[in-house]
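Residue numbers (this note's numbering), protein chains in the order written: chain A, 1 to 491; chain C, 1 to 153.
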């Protein structure tokens with residue numbers, strides 16, 4: 001084959017992928033066995049055929065996938081019919097991420113992701129190679145980069161932030177979640193025909209509760225159900241947190257943050273310091289009152305989760321967050337008095353925005369159950385919620401940083417260096433125009449649609465002045481390109 | 001703010017008329033097809049469709065056209081648009097990733113083209129400025145290109 005691409009993925013990859021994809025494939029013969037009269041032998045034959053086909057396909061894909069380390073680049077050749085040869089120059093490689101899922105660990109494998117500046121997800125994915133090979137690749141890349149920092153061993157750099165088990169348990173407790181119980185019910189629903197009873201038979205559930213509790217639906221019974229739900233929710237939160245964040249460790253190696261975490265799936269992610277676009281601090285009413293919050297970075301390119309953020313310190317005290325931010329200048333936390341509130345009329349708009357859905361829900365309910373109309377008495381609570389919206393929607397422009405805080409339940413605080421602002425948008429809807437308000441949206445690289453800083457309902461003239469000031473301060477900054485992408489060629 | 005070329009107004013009228021005409025045609029066909037079974041009086045579908053046609057082809061385009069405007073002052077491009085929700089966007093030119101000048105067949109016939117700025121941002125990764133004459137668009141593109149090049153790579 002062509003020069004450079006002289007290596008293959010680890011052969012166990014075939015098995016690994018087979019184990020991953022096999023079960024969903026077997027749903028077809030299983031369904032067939034149930035639905036038709038071909039019987040067990042027919043289904044088994046079909047299953048065997050599918051297994052053989054899948055194994056063959058995986059084997060061909062493995063045969064046709066080659067990679068190698070050239071003099072100045074990493075070369076990846078892939079594709080069964082349509083051959084694709086990709087070369088990634090060492091200078092463009094930001095770093096090499098290593099992820100090990102539970103299955104991969106059983107096989108002694110690791111998934112290697114070669115991170116470059118571009119946003120594509122699968123730019124340089126080697127799924128999977130042996131762990132030793134993964135480390136070798138990383139060392140090779142680090143050694144060959146022209147701007148390579150002096151090589152440091154991973155274990156030598158001190159932790160900037162780490163979480164021990166007690167901290168994780170506490171974090172899990174605050175990550176209370178009923179979603180998983182809902183998931184369990186969804187699963188039951190899928191398999192309900194295999195269950196010996198009908199899970200949708202209310203009499204059965206009431207009867208069950210009635211067996212254990214002397215009086216039906218007394219306050220005590222309701223409290224009991226709530227307590228059980230709370231316990232289950234907490235347990236789900238703790239389990240999920242332990243699985244995801246066990247052994248969480250953030251360290252700084254030269255110009256890069258390195259994050260390791262995970263119990264079953266162990267992942268190692270590297271965030272280049274100069275690619276951090278902004279930081280976000282998240283907390284909630286309960287967590288916040290105990291002084292806990294989480295810090296995430298928004299970076300360019302692949303490897304971020306759905307929100308476009310990388311958790312850097314998911315459950316930390318203010319001092320710990322400040323310590324991490326100190327390593328990512330110019331980011332810092334705002335001293336509280338620096339923040340200003342948006343216009344008072346935000347309360348009006350916010351209440352109006354909540355009123356519509358609430359009214360619709362109540363009316364829909366009342367068509368079914370007349371008593372739901374009593375809920376209308378709760379509508380004034382919306383005014384309270386709207387007032388809280390404004391109380392927790394704060395902003396400030398301090399030197400070269402823009403701060404935006406928003407949300408009561410989900411409290412988010414964005415720290416945006418003005419030099420990373422990609423564009424500013426002032427928008428005024430019909431109602432906002434009547435009230436003399438405007439919304440300022442700040443666009444940054446790598447932001448997600450729903451998780452992007454916006455200052456909603458500023459007074460029009462204030463919003464305009466703020467936009468002009470951000471723009472002025474941005475220009476006053478020394479020109480420093482923060483994006484990893486090169487200046488592209490027009491046309 | 002500089003208004004856009006009148007060609008854009010014509011383009012909006014043509015597009016609005018095309019959409020409106022399709023709607024009117026659909027309404028008329030439905031009307032004829034349902035003549036026997038429908039309890040609605042004659043014209044109950046076509047008349048509103050005609051009103052929508054008038055809105056799309058006659059009334060809305062000038063308003064939308066007037067809402068557009070742009071200004072380039074050295075370091076940034078400002079674009080204003082929107083009738084109901086008015087949006088005013090500021091694009092720092094040194095952050096522009098690349099620039100397209102694009103022209104569809106209809107635009108070509110009307111002698112206008114669009115300038116598309118690509119930024120690294122996600123919400124407005126493309127800022128489109130339609131309705132520029134070819135000369136203006138190319139001049140702006142060259143000007144922005146020098147802004148991008150001024151900084152150290």
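Yeah, the Cβ is synthetic: ideal placement off N, Cα and C, and Gly gets one too.
The model shown is predicted, which means the values in this text are computed figures rather than measured ones.
Rounded to a whole number of angstroms, what is the C-alpha to C-alpha distance between residue 371/A and residue 381/A?
Using only the alpha carbons, I get a separation of about 19 Å.
Simplified DSSP state of residue 432/A, which is helix, strand or coil
If DSSP states are grouped into helix, strand and coil, residue 432/A belongs with the helices.
At least 3 beta-carbon pairs within less than 8 Å: the segment 350-369 of chain A vs the segment 309-323 of chain A
Segments in contact, no.
Could you tell me which chain C residues have their CB closer than 8 Å to the CB of residue 452/A, listed as they occur along the chain?
Identification of chain C residues near residue 452/A by a Cβ-Cβ cut-off of 8 Å yields 122, 123, ordered along the chain.
For a cutoff of 7 Å on Cβ pairs, would you count residue 138/C as touching chain A?
Taking Cβ atoms only, chain A never reaches closer than 7 Å to residue 138/C, which makes this a no.
Residues of the segment 16-49 of chain A whose Cβ lies closer than 8 Å to any Cβ of chain C, in chain order:
The segment 16-49 of chain A vs chain C, Cβ under 8 Å: nothing.
Which one of 294/A, 364/A, 426/A has the shortest CA to CA distance from residue 85/C?
Of the candidates 294/A, 364/A, 426/A, the one whose C-alpha sits nearest the C-alpha of residue 85/C is 426/A.
Local conformation of residue 64/A per DSSP, three classes
Coil at residue 64/A, not helix or strand.
In three-state terms, what does DSSP make of residue 119/C?
Reduced to three states, the DSSP call for residue 119/C is strand.
I need the straight-line Cα distance from residue 271/A to residue 251/A, nearest angstrom please.
One C-alpha to the other measures close to 10 Å.
With a threshold of 16 other CB atoms inside 10 Å of the CB of residue 128/A, please say whether the residue is buried or exposed.
For residue 128/A, the number of other beta carbons within 10 angstroms of its own is at least 16, and it is reported as buried.
Could you work out which residues of chain A lie near residue 91/C, taking near to mean beta carbons separated by less than 7 Å?
Under the 7 Å cutoff, chain A gives 423.
According to DSSP, which residues form a beta bridge with residue 297/A?
Partner(s): 279/A, 310/A.
Residue 428/A: contacting residues in chain C (beta-carbon distance under 7 Å):
Here the neighbours are 85, 86.
What do you get for residue 1/C, buried or exposed, if any count of 16 or more other CB atoms within 10 angstroms of its CB means buried?
Exposed.
With three or more C-beta pairs closer than 8 Å as the rule, is the segment 259-276 of chain A touching the segment 241-248 of chain A?
The segment 241-248 of chain A vs the segment 259-276 of chain A: in contact.
Own chain residues within Cβ distance below 8 Å of residue 116/C, not counting five before or after
Correct list, in chain order: 99, 100, 101, 102, 126, 127, 128, 129.
List the DSSP bridge partners of residue 97/A.
Its beta-bridge partners are 113/A.
Rounded separation between residue 75/A and residue 300/A - CA only:
Rounded to the nearest whole angstrom, the C-alpha separation of residue 75/A and residue 300/A is 23 Å.
Touching by the beta-carbon criterion (3+ pairs, under 8 Å), the segment 137-148 of chain C and the segment 456-471 of chain A
Counting Cβ pairs under 8 Å, fewer than three are found: no touch.
Give me the Cα-Cα distance between residue 100/A and residue 167/A, rounded to the nearest whole angstrom.
Distance from the CA atom of residue 100/A to the CA atom of residue 167/A, rounded to whole angstroms, is 24 Å.
Taking 7 Å as the threshold (beta carbon to beta carbon), is residue 75/C in contact with chain A?
Answer yes: the Cβ-Cβ gap between residue 75/C and chain A drops below 7 Å somewhere.
Is there a Cβ of chain A sitting closer than 7 Å to that of residue 146/C, yes or no?
No, no contact with chain A.
Taking the beta strand (DSSP E) that residue 75/A belongs to, which residues open and close that run?
Where residue 75/A is concerned, the enclosing beta strand (DSSP E) stretches over 73-78.
Taking CB distances under 7 Å as the criterion, tell me whether residue 445/A reaches chain C.
It does: the Cβ of residue 445/A has a partner Cβ on chain C nearer than 7 Å.
Residue span of the alpha helix (DSSP H) that contains residue 403/A, given as start and end
No alpha helix (DSSP H) contains residue 403/A, which is instead part of the beta strand (DSSP E) from 401-406.
Spatial neighbours of residue 78/C in its chain, beta-carbon cut-off 6 Å, leaving aside the 5 residues before and after
So the list reads 71, 90, once near-sequence residues are dropped.
So residue 467/A contacts chain C; which residues on that side make the cut at Cβ distance below 9 Å?
What residue 467/A touches in chain C: 88, 90.
Terminal residues of the alpha helix (DSSP H) in which residue 139/A lies:
That run of the alpha helix (DSSP H) goes 131-144.
Please say whether residue 54/A and residue 25/A have beta carbons closer to each other than 7 Å?
Between residue 25/A and residue 54/A, the CB-CB gap stays under 7 Å.
Using the C-alpha atoms, what's the distance from residue 88/A back to residue 80/A?
Taking the straight line joining both Cα atoms gives about 21 Å.
Distance check for residue 111/A and residue 51/A, CA to CA, integer angstroms please.
Each residue's Cα considered, the two are about 24 Å apart.
Selection from 21/A, 19/A, 42/A, 20/A that minimises the alpha carbon distance to residue 30/A:
That would be 42/A, whose Cα lies nearest to the Cα of residue 30/A.
Roughly how many angstroms separate the alpha carbons of residue 45/A and residue 125/A, rounded to a whole number?
Answer to the nearest angstrom: the Cα atoms are 35 Å apart.
Note down the Cα distance separating residue 106/A from residue 8/A, rounded to an integer number of angstroms.
Approximately 20 Å between the Cα atoms of the pair.
Would you list the one or two residues that DSSP bridges to residue 239/C?
Within the shown structure, residues of chain C are numbered from 1 to 153, placing residue 239/C beyond reach of any answer.
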